[in-house]
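Number of protein chains: 2
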Amino acid sequence: MAQLLRDQFSTLLTQVAIFEGFSLEELQQYSDKAIGKSYTKKQIVYLQDEKAEWAYVIQRGWVKLFRETLDGDEAVVDILTTGQIFGDTAIFNDGCYACSSEVVEDAVIYQIPLSVLNAHITTNNKLALNMLHNMSYFRKKQTRELEHMKVQNAPQRIGCFLLQLYKPRTGPSALIHLPYDKILIAARLGMQPETFSRALLKLQHETGIRIQGATVEIDDISVLTDYSCSSCSSTHPSAEC
Amino acid sequence: MAQLLRDQFSTLLTQVAIFEGFSLEELQQYSDKAIGKSYTKKQIVYLQDEKAEWAYVIQRGWVKLFRETLDGDEAVVDILTTGQIFGDTAIFNDGCYACSSEVVEDAVIYQIPLSVLNAHITTNNKLALNMLHNMSYFRKKQTRELEHMKVQNAPQRIGCFLLQLYKPRTGPSALIHLPYDKILIAARLGMQPETFSRALLKLQHETGIRIQGATVEIDDISVLTDYSCSSCSSTHPSAEC
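As you go down the protein sequences, you meet chains D and L in turn. Be aware that the first sequence starts at 7, since it is given in the working numbering, and climbs by one per residue. Be aware that the second sequence starts at 7, since it is given in the working numbering, and climbs by one per residue.
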């Protein structure tokens, strides 16, 4: 990589949770060996169970992590964007990727050799601790997601998804922009498209929010909070959401 | 603790995943400061959001980790037994417990100061790496559980739960003993008791297994495997199950 690109990449890495607190100099070992690529929508980055040689850092765009069942159904595990890393945990999965990954909005993604990351973890306790914090964050996020699937109904789960996109501001009203298409939101929430459509109608009816295309208009955020968080172990805004 | 108890406790710790590869001598720092207690069924060990001062290691019995919603519903996060540690990840949760814990079968549980564990992680990279492997294991287990909730039906999920209790042996038949009562199994799988009962009847009807009290009789394990694993991203036996 040219020096300018290397510097840009090192700056991107400082935003990645597992490299928090690392200097640009310390991150040089990654940018020296990183490769940046452009991806178009629907391109596969890697497949589940494939031997893992790289970890990936998103500069821009969206990437879906998913698992495919023997019947051909798809379970969406996560949807990631700028500054997020994926594939890194293959280090703890016998060197194989635990999920498949597919680009869902045109993206620029850098890849770094897993061998460099693996060597670094075993010698640098700060990196191991950062990875522990990061993994703990995702474990809490998954615990919350499992809780929601067990105790929330479908409209409440969509409400919770919207609340996570809401940036607190002055006044009770809000305008939220959906980050990716509704079919993908349905899949992320583990709902069939028709269940999602019905639940979305019910949510609008019960809370008075209005959805037009990718725009969600909310007159009073507290109505949505009361509706969604009643079946949750904490109320919005929660540090875990 | 008396020397005999200390030695017994250190031996127990060698079974705990995060202490894999540690010598009895290295584990002495924990047994010197550990406290062992007996608990009866329904006793609370700690509550969600409580300030965390201890991590807990189960010598015998069963412990349920759960979260309670504002509406009073309960989401069971995990059910643990001998040789498993819990409360340790509070280190990565601002020093507070992320779940509540309750004894569900009479238990003996040791507690070790979180401060000792915390100090040890920051100086001993082997412990940090073991914790990363352990957390990665639980993350994969949760990912699998989320996948199942999204794509398996209720009878298939009960079938999968039974397969996880099955110890491979010669011949196609099997006898499985349910580890705790059916109401708790239903809660662990995130099902209402009546959904669980209906799904259990359907599972017996579709796969020919027989359930009498806590005993499950299976004539041909492959029928259960075909039935449950068709909606899963891997088939039994899987390293992740």
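A virtual CB, placed ideally from N, CA and C, is assigned to each residue, including glycine.
Which residues in the same chain have their Cβ closer than 8 Å to the Cβ of residue i, if we skip the five residues on either side of it in sequence?
i	result
Ile24 (chain L)	Ile91, Asp94, Leu133, Asn136, Met137, Asn140
Gln198 (chain L)	Ala192
Glu80 (chain D)	Phe72, Arg73, Glu74, Ala193
Tyr186 (chain L)	Trp68, Ile85, Val110, Glu111
Leu33 (chain L)	Ser16, Leu19, Thr20, Phe25
Thr201 (chain L)	Ala160, Ala192
Ala142 (chain L)	Checking the displayed sequence, the identity of residue 142 (chain L) turns out to be Ser instead of Ala. Around Ser142 (chain L): no qualifying Cβ.
In terms of residues, what are the limits of the beta strand (DSSP E) holding residue i?
i	result
Phe111 (chain D)	For the sequence presented, residue 111 (chain D) should be read as Glu rather than Phe. First-last of the beta strand (DSSP E) with Glu111 (chain D): 106 to 119.
Arg66 (chain L)	60 to 74
Asp77 (chain L)	From DSSP, Asp77 (chain L) is part of no beta strand (DSSP E); its letter is neither H nor E.
Ala134 (chain L)	Ala134 (chain L) -> not in any beta strand (DSSP E); alpha helix (DSSP H) instead, spanning 131 to 157.
Ala180 (chain L)	180 to 183
Ile217 (chain D)	216 to 218
If you compare alpha carbons, which of the options is closest to residue i?
i	options	result
Gly177 (chain L)	L:Leu18, L:Thr20, L:Ser228, L:Val51	L:Ser228
Ile164 (chain D)	D:Thr231, D:Ser107, D:Ser121	D:Thr231
Arg66 (chain L)	L:Ile115, L:Glu151, L:Val82	L:Ile115
Ser106 (chain L)	L:Ala61, L:Leu152, L:Glu56	L:Glu56
His154 (chain L)	L:Val83, L:Cys238, L:Gln21	L:Cys238
Leu120 (chain L)	L:Tyr45, L:Val63, L:Lys147, L:Leu206	L:Val63
Glu59 (chain L)	L:Ser16, L:Asn131, L:Ile97, L:Leu10	L:Ile97
Gln148 (chain D)	D:Val82, D:Tyr172, D:Lys173, D:Leu209	D:Val82
Leu10 (chain D)	D:Ala160, D:Gly42, D:Asn130	D:Gly42
Arg46 (chain L)	L:Leu206, L:Ile189, L:Lys156, L:Glu108	First, the residue type needs correcting, since residue 46 (chain L) is Thr and not Arg in the sequence shown. Minimum Cα distance to Thr46 (chain L) is reached at L:Glu108.
Gly196 (chain D)	D:Gly101, D:Tyr52, D:Glu151	D:Glu151
Arg157 (chain L)	D:Gly78, D:Asn159, D:Ala104	Correcting the residue type first, residue 157 (chain L) is Val in the shown sequence and not Arg. Nearest C-alpha to Val157 (chain L): D:Gly78.
His126 (chain D)	D:Ala113, D:Phe28, D:Asp100, D:Gln162	D:Phe28
Ser203 (chain L)	L:Ala160, L:Glu32, L:Pro174	L:Ala160
Ser248 (chain L)	D:Lys70, D:Leu76, D:Gln14, D:Leu30	The structure shown has nothing for residue 248 (chain L), since chain L only spans 7 to 247.
Asn99 (chain L)	D:Phe167, D:Thr87, D:Gly89, D:Phe144	D:Phe144
Lys188 (chain L)	L:Pro174, L:Ala205, L:Arg175	L:Ala205
Please classify residue i: does DSSP put it in a helix, a strand, or coil?
i	result
Ser228 (chain D)	helix
Ala40 (chain L)	coil
Lys57 (chain L)	strand
Gln49 (chain L)	coil
Glu223 (chain L)	strand
Cys235 (chain L)	helix
Ser16 (chain L)	helix
Phe249 (chain L)	This structure cannot settle anything about residue 249 (chain L), because the visible part of chain L is limited to 7 through 247.
Arg175 (chain L)	coil
Ala122 (chain L)	Contrary to the premise, residue 122 (chain L) reads as Val rather than Ala in this sequence. Val122 (chain L): helix per DSSP, three-state reduction.
Ala8 (chain D)	coil
Ordered along the chain, which non-local residues of its own chain (more than five positions away) have a Cβ less than 6 Å from that of residue i?
i	result
Cys247 (chain L)	Confidence is the limiting factor: at Cys247 (chain L) the pLDDT is only 48, short of 50, which leaves the residue's position unreliable and the question unanswerable from this model.
Leu184 (chain D)	Ala220
His211 (chain D)	none
Gln117 (chain L)	Ile41, Trp60, Tyr62
Tyr52 (chain L)	Tyr103, Ser107
Gln49 (chain L)	Val109
Leu209 (chain D)	Pro161, Ile164, Gly165
Thr88 (chain L)	Ile64, Arg66
Here's a check: name, in chain order, each residue in its chain whose Cβ is nearer than 7 Å to the Cβ of residue i, leaving out the five neighbours to either side.
i	result
Glu1 (chain D)	Here chain D comprises residues numbered 7 to 247, so residue 1 (chain D) is not present and cannot be evaluated.
Val122 (chain D)	Gln35, Tyr36, Lys39
Asn124 (chain L)	Ile97
Tyr172 (chain D)	Ala180, Ile182, Ile227
Tell me which residue opens and which closes the alpha helix (DSSP H) that residue i is part of.
i	result
Phe28 (chain D)	Run containing Phe28 (chain D): none; DSSP gives neither H nor E here.
Leu190 (chain D)	188 to 194
Thr213 (chain L)	199 to 213
Positions along the segment 168 to 201 of chain L whose CB lies within less than 7 Å of some CB in chain D: Gly196
Output needed in chain order: residues of the segment 131 to 149 of chain L with a Cβ under 7 Å from some Cβ in chain D. Asn131, Ala134, Leu135, Met137, Leu138, His139, Met141, Ser142, Phe144, Arg145, Lys146, Gln148, Thr149
Contact list for the segment 24 to 36 of chain L against chain D, Cβ threshold 9 Å: none
Residues of the segment 69 to 85 of chain D whose Cβ lies closer than 7 Å to any Cβ of chain L, in chain order: Arg73, Glu74, Thr75, Leu76, Asp77, Asp79, Ala81, Val83
Taking only beta carbons into account, state which residues of the segment 92 to 104 of chain L come closer than 9 Å to chain D, listed in chain order. Thr95, Ile97, Phe98, Asn99, Asp100, Ala104
Going along the chain, which residues of the segment 225 to 239 of chain D sit with their C-beta nearer than 8 Å to a C-beta in chain L? Cys235, Ser236, Ser237, Cys238, Ser239
Short-range partners of chain D found in the segment 44 to 59 of chain L, where Cβ spacing is below 8 Å: Gln54
Give the residues from the segment 110 to 128 of chain L that approach chain D closer than 9 Å (Cβ to any Cβ), ordered along the chain. Ile127, Thr128
Give me the subset of the segment 147 to 166 of chain D whose CB atoms are less than 9 Å from a CB atom of chain L, sorted by chain position. Gln148, Thr149, Arg150, Glu151, Leu152, Glu153, His154, Met155, Lys156, Val157, Gln158
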